[in-house]
């Protein structure tokens, strides 16, 4: 299973949107909340067409609800229609300027299109909001942006801030492991990748990265075990295909094949 940055954003939205809000008010308000919940559920299943239909029903009667535009923006993000997603996130922020959920997702969009300075600006604002429930993820995204800019010290600082808030955030452990790999600190990378796969057993990228780290340490048997796990989890993904290449070369030699 791929724990991509898109999934990272979707899981954050699901956490925020399905946190069990108390619904009071008239029938129209209940309808809007029901439609948003349905759209989020469809988004989780990656049924983007159905999600769009459901959120547009909510939009017809709730044109000033910022969460409607956040959810609609994330649907477009899932469809890789980034200009539309950006406009919708910004519309949500026009309605509610302190809406950190929308700002965080705007940061994620900018990371996806490699607009790193804009990503840093938006995620810095989200991370500085003491009421925002996903500050840990915002710190991780800041770390990713600085890592891509080549500022490894800043990246490390933000990964540590993220893990101080949420030590169980597997995506952050994987990203910190990649940073250690870039620094040539393979043993520390191994520890981070192990934390990632222990927290989410189906995390194919972390298993793959763990295999590479073991390989660099000369631990070929452990590396091959990790590569085999990747193939078991997602044989058709890029990680699965690359892992199979290592199995067919390094691992066969290790086994005397």
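In my numbering, the protein residues as written are 183 to 439. Even glycine gets a Cβ: it sits at the ideal position worked out from N, Cα and C.
Supposed close pair residue i, residue j - CB separation, criterion 8 Å
i           : j           : result
residue 361 : residue 338 : 6 Å
residue 271 : residue 293 : Between residue 293 and residue 271 the Cβ distance is about 13 Å, and since that is not below 8 Å, they are no contact.
residue 395 : residue 372 : 5 Å
residue 353 : residue 340 : Going by Cβ atoms, the distance from residue 353 to residue 340 rounds to 13 Å, so no, they are not a contact pair.
residue 308 : residue 285 : 5 Å
residue 255 : residue 244 : The Cβ separation is near 15 Å, so there is no contact.
residue 277 : residue 248 : 4 Å
residue 393 : residue 409 : 5 Å
DSSP three-state assignment for residue i, whether helix, strand or coil
i           : result
residue 338 : helix
residue 244 : coil
residue 347 : helix
residue 383 : coil
residue 227 : coil
residue 295 : coil
residue 400 : coil
residue 353 : helix
residue 285 : helix
residue 365 : coil
residue 358 : helix
residue 313 : coil
residue 414 : helix
residue 278 : coil
residue 261 : coil
residue 183 : Any answer about residue 183 is weak, because its pLDDT of 48 lies below 50 and its placement is not dependable; what the coordinates show is given next. Reduced to three states, the DSSP call for residue 183 is coil.
residue 332 : coil
residue 208 : coil
residue 431 : helix
residue 233 : helix
residue 408 : helix
Reference residue i, options the options, closest by Cα
i           : options            : result
residue 403 : 434, 287, 234, 279 : 434
residue 348 : 247, 213, 319      : 319
residue 220 : 425, 211, 237      : 237
residue 240 : 344, 215, 228      : 215
residue 405 : 391, 417, 415, 416 : 391
residue 232 : 211, 260, 210      : 260
residue 418 : 386, 407, 393, 408 : 386
residue 246 : 211, 235, 234      : 211
residue 377 : 393, 359, 422, 432 : 359
residue 213 : 380, 415, 242      : 242
Buried versus exposed call for residue i [16 or more other C-beta atoms within 10 Å across all chains shown]
i           : result
residue 413 : buried
residue 205 : Note that residue 205 scores 42 on pLDDT, short of 50, meaning its location in the model is unreliable; the coordinates nonetheless yield the value given after this. Residue 205 is exposed by the Cβ-count criterion.
residue 427 : exposed
residue 203 : The predicted position of residue 203 is uncertain, since its pLDDT is 45 and thus under 50; a value taken from the coordinates is nonetheless stated next. Classification of residue 203: exposed, given that the 10 Å Cβ count is below 16.
residue 317 : buried
residue 366 : exposed
residue 287 : buried
residue 425 : buried
residue 291 : buried
residue 332 : exposed
residue 420 : exposed
residue 374 : buried
residue 431 : exposed
residue 283 : buried
Residue i versus residue j - alpha carbon distance
i           : j           : result
residue 401 : residue 368 : 11 Å
residue 303 : residue 289 : 8 Å
residue 223 : residue 257 : 11 Å
residue 263 : residue 217 : 22 Å
residue 384 : residue 330 : 25 Å
residue 450 : residue 422 : Outside the modelled stretch of the chain, which goes from 183 to 439, sits residue 450, for which no answer is possible.
residue 351 : residue 357 : 10 Å
residue 275 : residue 429 : 49 Å
residue 265 : residue 295 : 10 Å
residue 346 : residue 355 : 12 Å
residue 226 : residue 208 : 28 Å
Proximity test, Cβ basis, 9 Å: residue i and chain B
i           : result
residue 413 : In the structure shown, chain B cannot be found, because there is only a single protein chain.
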